[in-house]
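Working notes for the structure below.
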Amino acid sequence: MVFSSLEFLFMYLPVVLLLYFAVPAKFLFARNVVLLAVSLVFYGWGEPLYVLLMIFTIVASYLGGLFVHKFKGTKKSQRALVITAIVDLGILGFFKYYDFFVNNLRLIPGMDWLQPLGLALPIGISFYTFQSLSYVVDVYREDAKVQNNVLSFGAYVTMFPQLIAGPIVRYKDVDDQLRNRDHNTAMFADGIRTFMAGLAKKVLLANPAGEMWNTMSAISVDSRTVVGSWLGLIFYAFQIYFDFSAYSDMAIGLGKMLGFTFLENFNYPYVSRSITEFWRRWHISLSTWFKEYVYIPLGGNRKGPARTYLNLLAVWFLTGFWHGANWNYILWGLYFFVLLVIEKRFLLKALEKAPKWVAHIYTLVFVLFGWLLFVFEDMSAGVVWLGNMFGVGTAQFVNQRDLYDLLRNIPLLLILGVASTALPKRIWRKLYDAKPVVRVLTMVGCLVLLIVCTAYLVDSSFNPFLYFRF
Amino acid sequence: MNTRFDKILNIVTIVLVMGFIFGFAIAFWLVPDKDFSEQENRFLQSTPVLEADSFFSGEWMEDVASYYSDQFPLRNSFVNIKAIAELAMGKRQNHDVILSSGDFLVAWEHNPNYEVLTKNLKALNTFGAKMEEQNIPVTIALAGRTVDVAPQVLPRSYPYQVDWDLWNEALSLLSKRDALDLRMSLRLTQLEPETIYYRTDHHWTTTGAYHGYVSLMKHWNMDYKAADFFDVTVVSDQFYGTIWSSSGMSWIGPDSMEYYRFDGDMDYTTSIPEINKSFEGFYDTSYLEQKDKYSSFISGNNGVVYVTKNGDNTERETLLLVKDSFAHSMVPFLAIHYDLVIVDMRYYGKPISKLLETVEVDRVLVLVNMETLIDEYQFGLITK
Numbered sequence: 004m005v006f007s008s009l010e011f012l013f014m015y016l017p018v019v020l021l022l023y024f025a026v027p028a029k030f031l032f033a034r035n036v037v038l039l040a041v042s043l044v045f046y047g048w049g050e051p052l053y054v055l056l057m058i059f060t061i062v063a064s065y066l067g068g069l070f071v072h073k074f075k076g077t078k079k080s081q082r083a084l085v086i087t088a089i090v091d092l093g094i095l096g097f098f099k100y101y102d103f104f105v106n107n108l109r110l111i112p113g114m115d116w117l118q119p120l121g122l123a124l125p126i127g128i129s130f131y132t133f134q135s136l137s138y139v140v141d142v143y144r145e146d147a148k149v150q151n152n153v154l155s156f157g158a159y160v161t162m163f164p165q166l167i168a169g170p171i172v173r174y175k176d177v178d179d180q181l182r183n184r185d186h187n188t189a190m191f192a193d194g195i196r197t198f199m200a201g202l203a204k205k206v207l208l209a210n211p212a213g214e215m216w217n218t219m220s221a222i223s224v225d226s227r228t229v230v231g232s233w234l235g236l237i238f239y240a241f242q243i244y245f246d247f248s249a250y251s252d253m254a255i256g257l258g259k260m261l262g263f264t265f266l267e268n269f270n271y272p273y274v275s276r277s278i279t280e281f282w283r284r285w286h287i288s289l290s291t292w293f294k295e296y297v298y299i300p301l302g303g304n305r306k307g308p309a310r311t312y313l314n315l316l317a318v319w320f321l322t323g324f325w326h327g328a329n330w331n332y333i334l335w336g337l338y339f340f341v342l343l344v345i346e347k348r349f350l351l352k353a354l355e356k357a358p359k360w361v362a363h364i365y366t367l368v369f370v371l372f373g374w375l376l377f378v379f380e381d382m383s384a385g386v387v388w389l390g391n392m393f394g395v396g397t398a399q400f401v402n403q404r405d406l407y408d409l410l411r412n413i414p415l416l417l418i419l420g421v422a423s424t425a426l427p428k429r430i431w432r433k434l435y436d437a438k439p440v441v442r443v444l445t446m447v448g449c450l451v452l453l454i455v456c457t458a459y460l461v462d463s464s465f466n467p468f469l470y471f472r473f
Numbered sequence: 039m040n041t042r043f044d045k046i047l048n049i050v051t052i053v054l055v056m057g058f059i060f061g062f063a064i065a066f067w068l069v070p071d072k073d074f075s076e077q078e079n080r081f082l083q084s085t086p087v088l089e090a091d092s093f094f095s096g097e098w099m100e101d102v103a104s105y106y107s108d109q110f111p112l113r114n115s116f117v118n119i120k121a122i123a124e125l126a127m128g129k130r131q132n133h134d135v136i137l138s139s140g141d142f143l144v145a146w147e148h149n150p151n152y153e154v155l156t157k158n159l160k161a162l163n164t165f166g167a168k169m170e171e172q173n174i175p176v177t178i179a180l181a182g183r184t185v186d187v188a189p190q191v192l193p194r195s196y197p198y199q200v201d202w203d204l205w206n207e208a209l210s211l212l213s214k215r216d217a218l219d220l221r222m223s224l225r226l227t228q229l230e231p232e233t234i235y236y237r238t239d240h241h242w243t244t245t246g247a248y249h250g251y252v253s254l255m256k257h258w259n260m261d262y263k264a265a266d267f268f269d270v271t272v273v274s275d276q277f278y279g280t281i282w283s284s285s286g287m288s289w290i291g292p293d294s295m296e297y298y299r300f301d302g303d304m305d306y307t308t309s310i311p312e313i314n315k316s317f318e319g320f321y322d323t324s325y326l327e328q329k330d331k332y333s334s335f336i337s338g339n340n341g342v343v344y345v346t347k348n349g350d351n352t353e354r355e356t357l358l359l360v361k362d363s364f365a366h367s368m369v370p371f372l373a374i375h376y377d378l379v380i381v382d383m384r385y386y387g388k389p390i391s392k393l394l395e396t397v398e399v400d401r402v403l404v405l406v407n408m409e410t411l412i413d414e415y416q417f418g419l420i421t422k
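The structure is reproduced here in structure tokens:
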């Protein structure tokens, strides 16, 4: 089920809130159990069979945690950690990557007896596997207390707000909240505001941008133009950012309504002045995860420059591969590895001295080319599109259709552009504190946005979430 | 930030938003389901029955999703709100329907499918060549869409080039045939757009069809009936067409529909053997009571329809009319000159040779709209 759907908003959510708040606040454990139960329904709605697979991962990681804790400080603890990691990653590897490896191995003569299985990818498997793993590692490092109750642990992994598209919540960040958290009207109302902002971002900004990208990318190769290729890709860049950050906003909002505080997952990545900065602002929970559970364990930057680059290479290879079992995602990760190394070597210093706009444009252009790698799983089509952007294989530089598409989307593009910066939120924050009328307007705005979003959902069949493939 | 005022605001926010969500959640189950939407002309999703198969395949969940969107309370109002929001964003259109001047609703194809166009026209070329080998003259008449015929109602920034390119390609693919560009014929009449095309439907009006008929007759060097031969009657002023339905802009008013009646026009018989239907004249007026009023011309879409003149002993030639629904409103004019064998390849579903075994034809007219040609490949069986 996706948040931006009628059956979520008008069936699942009201039932969940009724059940959850029907349990008195003092029985927090019972609330966690309700949360686990409704989250399993949420997941089972999209994956009626794979829900068993997720339960298996949960139980395995739970047991792993118990053993890691029991044998604390001994070799056995380490062994328990390794075994749990192998089980968790093994499941992820099998369901997500088996066919990729098989299809590539089949290219080797004599290996064509291998057959791809064509299994559907379990929704959110990359997310819940990483969350489960983070728990076992945190327990091993004694960053978090062991969770003796499998139901509470299950509630952490399956918590429906962040289950299928993040943010990736580390166990140590919610450990205390599972045991003790407040529910109050201020937090609930705040959760509603955050959720509504996310819903509006998804339905009113990401979907229309996505529709434009779909329309423009469907234009046949022989009538493409330079301007159209740039415009189309820019729409895609907006779509993926608003789509994904909207999901995180909605997750954070729903979390607040249920008494949880999750960390922010996006911090206006498109205002970055370097790729390094971009990755500090984009999908923060994933970068943090790789940093804490891959980069630092490998030695980080403490073992000399050669080893540092090798560690970075590992992280970015994995980051790319995590996004999808396809060469384009791997290349996408390596592309950022190269850019980040170049920045580390000298470019960052130069960018700091350069005029701000140069740094902004540099970052946006390279992020845009990154999306080109990301969006075309068929890389030859991506190369053609890249060529189109520079006038290779295009019929014209610009045509009437581009101008029409541009003109009728100017208001949308302006909103997308402004909403990509911190400006609207900063102004709103300031006025919110200073002017009571703005607080009233915010309240009315929530309802108006809900009505308009409902209208779009009733009307539309176009409502895909990009990050469901992961 | 923890003043009484803020506390009240928080509570009111919760009450408003949760009130909306719970209100519609409850209303959804209280309001009885509808079976059919006249506005959209389709059956709506009913309560999905839970079965193991459809549950594990995920089909049931998809049905629940369409159930919610189809049966949502105040559905039409929400659809309206969405259309208003799109227009307020300056998009000028909703669902690829451009709101044009004079409340004209114009469907637009952003990215015409040339592949489908080429396949369709190649099939028609093959068919045309085959018939001409048997000395049966073939004319292929292409009718324009509203965008092609009434460009003056469109926004100034509208990309006409897309449509010009499409027509150039289509006409060049037909260069070996006797082709007639009815888009141009209708533009050259210089009549007001709403006179020749419906504002809310993709078809031409009966006046539009009449002018199509006139240019066809001129093209064939035949005498045609002048406008004063007909008695133009308004049969409905409540015609909401298909584009109106898909636009979501239900505040746009209806069109009126006319018949070009003439003395003796009931001395014809329209018969549709596949549904055992036959009636005098050209009109199935029962459709005038429904939303789909355009279907009152020869009773709408069918595979094969025959139109003959009653008790006429003079030798009348037979015209094979290969068509889409644009031809329906032209049938009354053509029937004055020919007995008609009318075939719609989308509904006929058999090789055309099967039909030609049963009838003798003297002339062939292919009359289709550009939209039909780029929509889907449908002339596969005309070559067989």
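Heads up: the protein sequence lines correspond to chains A and B, in order. Read in order, the letters of the first sequence correspond to residues 4 to 473 in this note's numbering. Read in order, the letters of the second sequence correspond to residues 39 to 422 in this note's numbering. Cβ coordinates follow ideal geometry from the N, Cα and C atoms, glycine included. Nothing here was measured: the structure is a model prediction, and the numbers come from that model.
DSSP-derived helix/strand/coil call for residue i
i, result
"T218/A", "helix"
"I380/B", "strand"
"V429/B", "This structure leaves residue 429/B out entirely; chain B is present only between 39 and 422."
"R475/A", "There is simply no residue 475/A to check, as chain A begins at 4 and stops at 473 in what is shown."
"Y196/B", "coil"
"D252/A", "helix"
"W388/A", "helix"
"S7/A", "coil"
"T164/B", "helix"
"Y415/B", "coil"
Residue i Cβ short of 6 Å to the ligand ADP heavy atom set
i, result
"L209/B", "With respect to the ligand ADP, the structure offers nothing, as it holds no ligand at all."
N-terminal and C-terminal residue of the beta strand (DSSP E) that residue i is part of
i, result
"I310/B", "306–310"
"I178/B", "176–181"
"D193/A", "Not the beta strand (DSSP E): D193/A falls in the alpha helix (DSSP H), residues 188–203."
"M295/B", "293–299"
"F372/A", "First-last for F372/A: 359–378, but that is the alpha helix (DSSP H), not the beta strand (DSSP E)."
"E318/B", "315–318"
"S274/B", "269–277"
"L166/A", "Neither: L166/A is in no beta strand (DSSP E) and is coded neither H nor E."
"K347/B", "342–347"
"L357/B", "356–361"
"A328/A", "Counting along the chain, A328/A falls outside any beta strand (DSSP E), and DSSP gives it neither H nor E."
"D176/A", "Note, D176/A: premise wrong, no beta strand (DSSP E); alpha helix (DSSP H) at 174–182."
Burial state of residue i, where buried means 16 or more other Cβ atoms lie within 10 Å
i, result
"Q416/B", "buried"
"G127/A", "buried"
"Q165/A", "buried"
"T245/B", "buried"
"I195/A", "buried"
"F400/A", "exposed"
Proximal residues to residue i (C-beta, below 8 Å), its chain only, five neighbours per side dropped
i, result
"H249/B", "S223, L224, T227, L229, I234"
"W374/A", "L236, Y239, A240, I243"
"V53/B", "none"
Close Cβ partners of residue i (< 6 Å) along its chain, the five nearest in sequence each way excluded
i, result
"L47/B", "none"
Own chain residues within Cβ distance below 7 Å of residue i, not counting five before or after
i, result
"R34/A", "Y23, V26"
"A200/A", "D252"
"V19/A", "V41"
"G157/A", "L39, I61"
"L181/A", "N35, S155, A158, Y159"
Extent of the continuous alpha helix (DSSP H) to which residue i belongs
i, result
"D436/A", "426–437"
Where are the beta strand (DSSP E) runs, 3 residues long or more, that stay fully inside the stretch 80–151 of chain B, in chain order?
-> Taking 3 residues as the shortest admissible run, the stretch 80–151 of chain B contains the following complete beta strand (DSSP E) segments, listed from N- to C-terminal end: 135–138, 142–145.
Of all the alpha helix (DSSP H) runs that stay within the bounds of the stretch 50–80 of chain A, which reach a length of 4 or more residues?
-> Annotation note: the stretch 50–80 of chain A contains the following uninterrupted alpha helix (DSSP H) runs of length 4 or greater, listed N- to C-terminal: 53–73.
Which ranges would you report for the alpha helix (DSSP H) in the stretch 11–37 of chain A if only whole runs of at least 4 residues count?
-> Listed in chain order, they are 16–25.
Mind listing, in chain order, the continuous alpha helix (DSSP H) runs of no fewer than 4 residues lying wholly within the stretch 262–308 of chain A?
-> Listed in chain order, the complete alpha helix (DSSP H) runs (minimum 4 residues) inside the stretch 262–308 of chain A are 278–284, 287–293.
Runs of beta strand (DSSP E) wholly within the stretch 222–286 of chain B (minimum 3 residues, chain order) = Counting only runs of at least 3 residues, the stretch 222–286 of chain B fully encloses the following beta strand (DSSP E) elements, listed from N- to C-terminal order: 269–277.
Continuous alpha helix (DSSP H) assignments of at least 4 residues falling wholly in the stretch 109–151 of chain A | Whole alpha helix (DSSP H) segments, 4+ residues: 128–143.
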